[in-house]
Amino acid sequence: MIRTEIHIPISPTPDFLIRVHYLAASIEMYSGLSPGSYKIVVTVGDATRVDIEDLCPWAIRYPIEWRWVPDQEWLERGIFATAFGRFRYAFEADAVVMLDGDVLVTGSLAEMVNEAVGTLRFHAIPAHYSPFCYQGCLEQRSPHEWWAEIFRLAGLSPPILSMEHLAWPWMQEQDWPYLEQLQFGPPYPNAGVIIGSAETMRRIGASIYEDLDTVNTAFCNVLSGQVALSLAISRQGLEWAPLPLRYNVPNVQQFHDTYPDEAADVRVLHFLQTTEIDRVADFQSYAHLEQALNRSGLSPLNAFLAERLRSVHLAKVSSDLHVLSAREFNDRS
4 MIRTEIHIPI SPTPDFLIRV HYLAASIEMY SGLSPGSYKI VVTVGDATRV DIEDLCPWAI
64 RYPIEWRWVP DQEWLERGIF ATAFGRFRYA FEADAVVMLD GDVLVTGSLA EMVNEAVGTL
124 RFHAIPAHYS PFCYQGCLEQ RSPHEWWAEI FRLAGLSPPI LSMEHLAWPW MQEQDWPYLE
184 QLQFGPPYPN AGVIIGSAET MRRIGASIYE DLDTVNTAFC NVLSGQVALS LAISRQGLEW
244 APLPLRYNVP NVQQFHDTYP DEAADVRVLH FLQTTEIDRV ADFQSYAHLE QALNRSGLSP
304 LNAFLAERLR SVHLAKVSSD LHVLSAREFN DRS
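This note's numbering puts the sequence shown at residues 4 to 336.
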(Lines of atoms letter the chains of each structure in order from A and count residues from 1; the text may use other names and numbers.)
(Lines give C-alpha, C1' and ligand atoms only; values in the text may rest on other atoms or scores of the structure.)
Protein backbone atom coordinates (compact mmCIF):
# COMPACT_ATOMS: atom_id res chain seq x y z
CA MET A 1 0.00 0.00 0.00
CA ILE A 2 1.38 3.40 -1.00
CA ARG A 3 1.35 5.83 1.89
CA THR A 4 0.38 9.35 0.89
CA GLU A 5 0.43 12.67 2.68
CA ILE A 6 -1.79 15.49 1.41
CA HIS A 7 -0.65 18.93 2.53
CA ILE A 8 -2.87 22.03 2.50
CA PRO A 9 -1.86 25.58 3.57
CA ILE A 10 -4.50 27.83 5.14
CA SER A 11 -5.22 30.79 7.37
CA PRO A 12 -7.58 30.09 10.31
CA THR A 13 -10.50 32.02 8.82
CA PRO A 14 -14.08 30.71 8.36
CA ASP A 15 -13.78 30.49 4.57
CA PHE A 16 -10.55 28.45 4.70
CA LEU A 17 -11.88 26.11 7.37
CA ILE A 18 -15.09 25.41 5.46
CA ARG A 19 -13.13 24.87 2.24
CA VAL A 20 -10.93 22.36 4.07
CA HIS A 21 -14.06 20.54 5.20
CA TYR A 22 -15.33 20.13 1.64
CA LEU A 23 -11.84 19.31 0.36
CA ALA A 24 -11.33 16.58 2.95
CA ALA A 25 -14.71 15.10 2.11
CA SER A 26 -13.99 15.27 -1.63
CA ILE A 27 -10.68 13.45 -1.13
CA GLU A 28 -12.54 10.66 0.65
CA MET A 29 -15.19 10.48 -2.08
CA TYR A 30 -13.27 10.98 -5.30
CA SER A 31 -9.48 10.69 -4.91
CA GLY A 32 -9.29 6.93 -5.44
CA LEU A 33 -6.89 6.68 -2.48
CA SER A 34 -7.67 3.78 -0.17
CA PRO A 35 -8.97 4.53 3.34
CA GLY A 36 -6.06 4.30 5.75
CA SER A 37 -3.48 4.95 3.03
CA TYR A 38 -3.40 8.71 3.33
CA LYS A 39 -3.19 11.50 5.87
CA ILE A 40 -4.24 15.14 5.42
CA VAL A 41 -1.89 17.67 7.01
CA VAL A 42 -3.27 21.20 7.23
CA THR A 43 -0.62 23.84 7.84
CA VAL A 44 -2.12 26.91 9.53
CA GLY A 45 -0.39 30.27 9.42
CA ASP A 46 -1.38 33.32 11.43
CA ALA A 47 -0.06 35.54 14.19
CA THR A 48 -3.10 34.77 16.36
CA ARG A 49 -3.72 31.21 17.51
CA VAL A 50 -7.27 29.88 17.68
CA ASP A 51 -8.62 26.53 18.83
CA ILE A 52 -8.94 24.77 15.47
CA GLU A 53 -10.30 21.55 16.95
CA ASP A 54 -13.06 23.50 18.68
CA LEU A 55 -13.91 25.35 15.48
CA CYS A 56 -13.85 22.17 13.38
CA PRO A 57 -15.32 19.29 15.40
CA TRP A 58 -16.25 17.62 12.10
CA ALA A 59 -12.54 16.97 11.51
CA ILE A 60 -12.62 13.88 13.76
CA ARG A 61 -14.35 12.14 10.83
CA TYR A 62 -11.22 12.52 8.64
CA PRO A 63 -7.50 11.66 8.90
CA ILE A 64 -6.56 15.31 9.50
CA GLU A 65 -3.61 16.67 11.42
CA TRP A 66 -3.40 20.42 12.12
CA ARG A 67 0.04 22.06 12.29
CA TRP A 68 0.70 25.68 13.12
CA VAL A 69 3.51 27.59 11.42
CA PRO A 70 6.12 28.34 14.11
CA ASP A 71 5.77 31.91 15.36
CA GLN A 72 9.24 33.01 14.27
CA GLU A 73 8.81 31.62 10.75
CA TRP A 74 5.46 33.39 10.45
CA LEU A 75 7.00 36.64 11.66
CA GLU A 76 9.83 36.39 9.15
CA ARG A 77 8.03 35.01 6.09
CA GLY A 78 4.27 35.31 6.51
CA ILE A 79 2.23 33.38 3.97
CA PHE A 80 5.38 31.97 2.36
CA ALA A 81 6.06 30.14 5.63
CA THR A 82 2.60 28.58 5.37
CA ALA A 83 3.15 27.49 1.78
CA PHE A 84 6.80 26.44 1.90
CA GLY A 85 7.00 25.16 5.45
CA ARG A 86 5.12 22.16 4.07
CA PHE A 87 8.15 21.13 2.01
CA ARG A 88 10.38 21.12 5.10
CA TYR A 89 8.48 18.50 7.09
CA ALA A 90 9.85 15.06 7.96
CA PHE A 91 7.56 13.13 5.63
CA GLU A 92 6.42 9.69 6.69
CA ALA A 93 4.88 8.74 3.36
CA ASP A 94 5.92 7.39 -0.04
CA ALA A 95 4.15 10.14 -1.99
CA VAL A 96 3.20 13.71 -1.20
CA VAL A 97 0.41 15.80 -2.70
CA MET A 98 0.47 19.57 -2.18
CA LEU A 99 -2.93 21.21 -2.66
CA ASP A 100 -3.98 24.84 -2.41
CA GLY A 101 -6.82 25.70 -0.06
CA ASP A 102 -9.14 26.65 -2.94
CA VAL A 103 -9.38 23.33 -4.77
CA LEU A 104 -11.84 20.45 -4.78
CA VAL A 105 -10.89 16.88 -5.69
CA THR A 106 -13.35 15.65 -8.31
CA GLY A 107 -11.66 12.54 -9.70
CA SER A 108 -8.97 9.96 -9.06
CA LEU A 109 -5.45 10.98 -8.06
CA ALA A 110 -4.24 7.41 -7.63
CA GLU A 111 -2.55 7.08 -11.03
CA MET A 112 -0.36 10.15 -10.56
CA VAL A 113 0.43 9.28 -6.94
CA ASN A 114 1.58 5.82 -8.03
CA GLU A 115 3.69 7.31 -10.82
CA ALA A 116 5.50 9.67 -8.46
CA VAL A 117 6.69 7.03 -5.99
CA GLY A 118 10.41 6.27 -6.10
CA THR A 119 11.26 9.05 -8.56
CA LEU A 120 12.61 12.60 -8.48
CA ARG A 121 9.83 13.90 -10.71
CA PHE A 122 8.16 17.19 -9.90
CA HIS A 123 4.59 16.88 -11.18
CA ALA A 124 2.61 20.10 -11.66
CA ILE A 125 0.81 21.85 -14.49
CA PRO A 126 2.71 24.63 -16.29
CA ALA A 127 1.83 28.07 -14.98
CA HIS A 128 -0.84 29.86 -16.98
CA TYR A 129 1.21 32.99 -17.72
CA SER A 130 4.77 34.23 -17.41
CA PRO A 131 5.37 35.69 -13.94
CA PHE A 132 6.65 38.84 -15.62
CA CYS A 133 3.30 39.86 -17.11
CA TYR A 134 2.44 41.72 -13.90
CA GLN A 135 3.21 44.90 -12.00
CA GLY A 136 5.32 46.64 -14.62
CA CYS A 137 7.95 43.90 -14.94
CA LEU A 138 7.99 44.17 -18.74
CA GLU A 139 8.80 47.85 -18.46
CA GLN A 140 12.10 46.91 -16.81
CA ARG A 141 13.37 44.05 -18.99
CA SER A 142 12.18 41.29 -21.30
CA PRO A 143 10.99 37.89 -19.99
CA HIS A 144 14.15 36.17 -21.26
CA GLU A 145 16.29 38.76 -19.51
CA TRP A 146 14.31 38.31 -16.28
CA TRP A 147 14.81 34.56 -16.25
CA ALA A 148 18.52 34.85 -17.08
CA GLU A 149 19.06 37.41 -14.31
CA ILE A 150 17.20 35.47 -11.63
CA PHE A 151 19.02 32.23 -12.43
CA ARG A 152 22.33 34.15 -12.44
CA LEU A 153 21.60 35.57 -9.00
CA ALA A 154 20.85 32.03 -7.82
CA GLY A 155 24.23 30.80 -9.06
CA LEU A 156 22.59 28.57 -11.67
CA SER A 157 23.24 28.10 -15.37
CA PRO A 158 20.95 29.99 -17.74
CA PRO A 159 17.62 28.17 -17.94
CA ILE A 160 16.34 26.28 -20.95
CA LEU A 161 13.08 27.95 -21.97
CA SER A 162 11.07 24.98 -23.20
CA MET A 163 7.85 24.99 -21.11
CA GLU A 164 4.87 26.51 -22.89
CA HIS A 165 2.47 28.52 -20.74
CA LEU A 166 -1.06 27.13 -20.74
CA ALA A 167 -2.68 30.47 -21.60
CA TRP A 168 -0.57 30.93 -24.73
CA PRO A 169 -3.39 29.94 -27.15
CA TRP A 170 -5.27 33.14 -26.28
CA MET A 171 -2.34 35.27 -25.10
CA GLN A 172 -0.85 35.38 -28.58
CA GLU A 173 -3.87 37.34 -29.77
CA GLN A 174 -3.15 40.16 -27.31
CA ASP A 175 -0.98 43.24 -27.68
CA TRP A 176 1.66 42.35 -25.08
CA PRO A 177 5.19 43.75 -24.99
CA TYR A 178 7.74 41.05 -25.86
CA LEU A 179 4.86 38.83 -26.94
CA GLU A 180 7.15 36.31 -28.66
CA GLN A 181 9.00 35.77 -25.34
CA LEU A 182 5.84 35.08 -23.33
CA GLN A 183 5.16 31.69 -24.90
CA PHE A 184 7.94 29.70 -23.24
CA GLY A 185 9.75 29.71 -19.91
CA PRO A 186 11.79 27.27 -17.84
CA PRO A 187 9.91 24.70 -15.74
CA TYR A 188 7.63 27.07 -13.84
CA PRO A 189 4.68 25.45 -12.07
CA ASN A 190 1.26 26.52 -10.99
CA ALA A 191 1.56 25.60 -7.31
CA GLY A 192 -2.11 24.75 -6.79
CA VAL A 193 -1.43 21.01 -7.22
CA ILE A 194 2.01 19.43 -6.88
CA ILE A 195 2.61 15.68 -6.73
CA GLY A 196 5.90 13.98 -6.03
CA SER A 197 7.76 11.47 -3.96
CA ALA A 198 8.68 12.36 -0.40
CA GLU A 199 12.30 12.74 -1.52
CA THR A 200 11.28 15.18 -4.26
CA MET A 201 9.52 17.34 -1.70
CA ARG A 202 12.41 17.12 0.75
CA ARG A 203 14.79 18.39 -1.92
CA ILE A 204 12.53 21.35 -2.65
CA GLY A 205 12.40 22.10 1.06
CA ALA A 206 16.19 21.98 1.37
CA SER A 207 16.68 25.18 -0.63
CA ILE A 208 13.28 26.80 -1.04
CA TYR A 209 13.80 29.63 1.45
CA GLU A 210 17.22 30.39 -0.01
CA ASP A 211 15.69 30.43 -3.48
CA LEU A 212 12.81 32.62 -2.36
CA ASP A 213 15.26 35.12 -0.87
CA THR A 214 17.14 35.19 -4.17
CA VAL A 215 13.99 35.84 -6.16
CA ASN A 216 12.95 38.63 -3.82
CA THR A 217 16.21 40.50 -4.39
CA ALA A 218 15.18 41.08 -8.01
CA PHE A 219 11.48 40.46 -8.28
CA CYS A 220 8.89 40.57 -5.55
CA ASN A 221 5.17 40.01 -5.97
CA VAL A 222 2.60 37.29 -5.28
CA LEU A 223 4.29 35.02 -7.83
CA SER A 224 7.73 35.12 -6.19
CA GLY A 225 7.07 31.76 -4.59
CA GLN A 226 6.36 30.02 -7.88
CA VAL A 227 9.52 31.52 -9.39
CA ALA A 228 11.43 30.20 -6.36
CA LEU A 229 10.06 26.73 -7.14
CA SER A 230 11.60 27.04 -10.62
CA LEU A 231 14.98 27.72 -9.05
CA ALA A 232 14.59 24.81 -6.62
CA ILE A 233 13.63 22.38 -9.38
CA SER A 234 16.81 23.31 -11.26
CA ARG A 235 19.08 23.49 -8.21
CA GLN A 236 17.98 20.10 -6.88
CA GLY A 237 18.24 18.29 -10.22
CA LEU A 238 14.58 17.31 -10.26
CA GLU A 239 12.82 16.05 -13.37
CA TRP A 240 10.12 18.41 -14.59
CA ALA A 241 7.06 16.22 -15.28
CA PRO A 242 4.09 18.37 -16.37
CA LEU A 243 0.76 17.15 -15.10
CA PRO A 244 -2.14 16.95 -17.54
CA LEU A 245 -4.35 19.99 -17.02
CA ARG A 246 -7.16 17.78 -15.67
CA TYR A 247 -5.29 17.60 -12.35
CA ASN A 248 -5.53 21.37 -11.81
CA VAL A 249 -8.29 22.93 -13.92
CA PRO A 250 -9.06 26.60 -13.18
CA ASN A 251 -12.73 27.60 -13.20
CA VAL A 252 -12.02 29.90 -16.14
CA GLN A 253 -14.05 29.62 -19.34
CA GLN A 254 -11.01 29.94 -21.63
CA PHE A 255 -9.52 26.74 -20.20
CA HIS A 256 -12.82 24.92 -20.73
CA ASP A 257 -12.98 26.07 -24.34
CA THR A 258 -9.30 25.60 -25.22
CA TYR A 259 -8.75 22.22 -23.55
CA PRO A 260 -12.14 20.45 -23.85
CA ASP A 261 -10.77 16.92 -23.35
CA GLU A 262 -9.12 17.91 -20.07
CA ALA A 263 -12.19 19.84 -18.94
CA ALA A 264 -14.29 16.73 -19.56
CA ASP A 265 -12.22 14.71 -17.07
CA VAL A 266 -11.50 17.11 -14.21
CA ARG A 267 -9.62 15.48 -11.33
CA VAL A 268 -8.96 18.66 -9.34
CA LEU A 269 -10.94 21.86 -9.85
CA HIS A 270 -9.16 25.06 -8.82
CA PHE A 271 -11.82 27.70 -8.13
CA LEU A 272 -9.51 30.69 -8.21
CA GLN A 273 -11.78 32.93 -10.31
CA THR A 274 -14.37 34.59 -8.10
CA THR A 275 -16.84 36.15 -10.52
CA GLU A 276 -19.49 33.41 -10.14
CA ILE A 277 -18.51 31.47 -7.02
CA ASP A 278 -16.35 33.41 -4.57
CA ARG A 279 -13.89 31.32 -2.56
CA VAL A 280 -14.04 33.84 0.31
CA ALA A 281 -17.48 35.45 0.39
CA ASP A 282 -19.41 32.29 -0.51
CA PHE A 283 -17.53 30.17 2.04
CA GLN A 284 -18.07 32.46 5.03
CA SER A 285 -20.60 29.97 6.38
CA TYR A 286 -22.36 26.79 5.35
CA ALA A 287 -25.52 28.84 4.83
CA HIS A 288 -23.71 31.25 2.50
CA LEU A 289 -22.39 28.33 0.46
CA GLU A 290 -25.82 26.71 0.20
CA GLN A 291 -27.16 29.91 -1.34
CA ALA A 292 -24.25 30.10 -3.80
CA LEU A 293 -24.79 26.53 -4.98
CA ASN A 294 -28.36 27.35 -5.99
CA ARG A 295 -27.36 30.11 -8.42
CA SER A 296 -28.49 29.73 -12.00
CA GLY A 297 -26.63 30.59 -15.17
CA LEU A 298 -23.22 29.35 -14.05
CA SER A 299 -20.54 28.69 -16.66
CA PRO A 300 -19.77 25.00 -17.34
CA LEU A 301 -16.84 24.64 -14.94
CA ASN A 302 -18.58 26.53 -12.15
CA ALA A 303 -21.74 24.49 -12.73
CA PHE A 304 -19.58 21.36 -12.35
CA LEU A 305 -18.04 22.83 -9.20
CA ALA A 306 -21.50 23.51 -7.75
CA GLU A 307 -22.65 19.99 -8.63
CA ARG A 308 -19.64 18.39 -6.97
CA LEU A 309 -19.96 20.59 -3.87
CA ARG A 310 -23.63 19.62 -3.59
CA SER A 311 -22.73 15.93 -3.91
CA VAL A 312 -20.07 16.23 -1.24
CA HIS A 313 -22.45 18.12 1.01
CA LEU A 314 -25.21 15.54 0.71
CA ALA A 315 -22.93 12.52 1.04
CA LYS A 316 -20.57 13.76 3.76
CA VAL A 317 -20.78 17.31 5.05
CA SER A 318 -24.41 17.34 6.13
CA SER A 319 -23.86 14.31 8.37
CA ASP A 320 -20.53 15.69 9.61
CA LEU A 321 -22.31 18.77 10.87
CA HIS A 322 -24.37 16.66 13.23
CA VAL A 323 -21.23 16.63 15.36
CA LEU A 324 -22.37 20.12 16.33
CA SER A 325 -25.49 20.83 18.29
CA ALA A 326 -28.24 22.64 16.42
CA ARG A 327 -27.52 25.78 18.38
CA GLU A 328 -23.78 25.64 17.71
CA PHE A 329 -24.41 25.12 14.01
CA ASN A 330 -26.72 28.10 13.82
CA ASP A 331 -24.27 30.27 15.74
CA ARG A 332 -21.39 29.34 13.45
CA SER A 333 -23.46 29.92 10.31
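Glycine residues also receive a C-beta, built at the ideal position from the N, C-alpha and C atoms.
It should be emphasised that the depicted structure is a prediction, and the values quoted were computed from it without experimental measurement.
Scanning the region 251 to 287 from its first residue to its last, the whole beta strand (DSSP E) runs of 3-plus residues come out as 271 to 273.
At least 8 Å separates the beta-carbon of W61 from that of L304.
Here DSSP, grouped into helix, strand and coil, assigns I153 to helix. In the DSSP assignment, W71 falls outside any alpha helix (DSSP H) and within the unbroken beta strand (DSSP E) covering 67 to 71.
No Cβ-Cβ contact shorter than 8 Å links R270 with Q239. Rounded to the nearest whole angstrom, the CA to CA distance from Y137 to P161 is 22 Å. Sequence-distant partners of L112 (beyond 5 residues in either direction) whose C-beta falls short of 7 Å from its own C-beta, in its chain, are S34, G35, L36, V100, R270. The DSSP-derived three-state label of A84 is helix. Note that the C-beta distance between L232 and A194 is below 8 Å. Burial is judged here by how many other beta carbons sit within 10 angstroms of a residue's own beta carbon; W173 has fewer than 16 and is exposed. Of all alpha-carbon atoms in D103, E293, I198, T277, the one lying nearest the alpha-carbon of S321 is that of E293. Under the three-state reduction of DSSP output, E95 falls in the coil class, being neither helix nor strand.
Beta bridge pairing from DSSP links I63 with no other residue. For T217, the secondary structure class from DSSP, reduced to helix, strand or coil, is helix.
Close CB contacts of S227 within its chain, under the 7 Å cut and outside five residues either way in sequence, are with L215, V218, N219 (chain order). Counting C-beta atoms within 10 angstroms of its own C-beta, V283 has fewer than 16 neighbours from the protein chains shown and is therefore classed as exposed. Note on Q143: under 16 other CB atoms within 10 angstroms of its CB, so exposed under the neighbour-count rule.
In the three-state scheme derived from DSSP, where H, G and I count as helix and E and B as strand, S200 is classed as strand. With contacts defined by Cβ atoms closer than 8 Å, I5 and A127 do not form a contacting pair. Counting every other CB atom within 10 Å of its CB across the protein chains shown gives V47 a total of 16 or more, marking it as buried. According to the DSSP assignment, W171 belongs to the alpha helix (DSSP H) that extends over 171 to 174.
The shortest CA-to-CA distance from R155 to any of F258, T277, H10, S237 is the one to S237. Between Y132 and M166, the C-beta spacing is not below 8 Å. Here I211 is not near F94, since their CB atoms are 8 Å or more apart.
Nearest neighbour of A119 by Cα position, chosen from N251, P245, D178, T85, turns out to be P245.
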